[in-house]
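What follows is one structure encoded as structure tokens, with my remarks underneath.
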Amino acid sequence: MYLILFGAPGVGKGTQAEKISAEYKVPQVSTGEMLREAIREESELGKQVKDIISRGELVSDDVILELVENRIQKPDCENGFILDGFPRTQTQAEGLEKIVKKLNLPPFTCVEISVPNETIIERLMSRGRADDSLETVTKRLKVYQDQTEPVKGYYISTNQFVSIDGNKTIDDVYNNIVNIVKY
Ligand code: AMP
């Protein structure tokens, strides 16, 4: 399974990635989770990204692409993986294409989980994560609209894109996703 879970913060990408990962035995590659782990470990990377994340801004494309390229070459990614929260910019999508060619990976299916903005704000505000204050949430949604949403165009143009309704139960959303990515 080579899957990109696409969508704004708070639409349930992480929840779904975890569920699919457990069922299909392919790892969840979550750049947000990797960065939060770096912050917890107080590594160089963690120190570098802490303030950026707490402001709701994006970490630089170079840093993210290096992180992803290294992660997906680990043995557990041999039979596929689920990208959660990546790619988030045009440059990241282009970088991913280069990695796909270099590593000779099959094409990804990009599944967008779509949820109305009001619901997203409610969900994020009740989650209680450090970067979930109203100010940061608003900023992250704006960053999503400005920088990430346009990335859809690429996956639409290559016929790799499907959008599903994320305003349903976790199980319904899960079933919709796995019906799309049956292989
Ligand atoms: P997430 O858990 O995916 O919402 O990510 C939390 C935060 O980590 C984001 O608001 C960004 O600051 C940073 N981040 C995660 N993934 C990326 C990415 N692909 N590109 C840039 N920044 C990212």
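Just so we're aligned: 220 in the numbering used here is position 81 of the sequence shown, and the numbers increase by one with no gaps anywhere.
For every residue, glycine included, the Cβ atom is placed at its ideal position computed from N, Cα and C.
- Nearest to GLY146 by C-alpha distance, out of VAL207, VAL301, GLU183, is VAL301.
- For ARG262, same chain residues with a beta-carbon under 6 Å away, outside a window of 5 residues either side, are GLY149 in chain order.
- GLN299 has its CB no nearer than 7 Å to any heavy atom of ligand 1.
- By the Cβ criterion, the stretch 231-242 is not in contact with the stretch 155-162, since fewer than three pairs of Cβ atoms, one from each stretch, lie closer than 8 Å.
- In the DSSP assignment, SER182 falls outside any alpha helix (DSSP H), carrying neither H nor E.
- With a threshold of 7 Å, the Cβ atom of GLU196 counts as near ligand 1, since some heavy atom of the ligand is closer than that.
- Under DSSP, CYS249 shares a beta bridge with ILE143, PHE300.
- For the 8 Å CB-CB criterion, VAL165 and ILE203 do not form a contact.
- Restricting attention to alpha helix (DSSP H) runs no shorter than 4 residues, the stretch 182-227 encloses them at 183-194, 200-210, ordered along the chain.
- In the three-state DSSP reduction, VAL165 falls in the coil class, being neither helix nor strand.
- Straight across, the Cα-Cα distance linking LEU197 with ASN298 is about 27 Å.
- Taking the C-beta atoms as reference points, SER169 is found nearer than 8 Å to GLY224.
- Check the Cα spacing between TYR294 and each of GLU251, ASN243, ASP190: the tightest is with GLU251.
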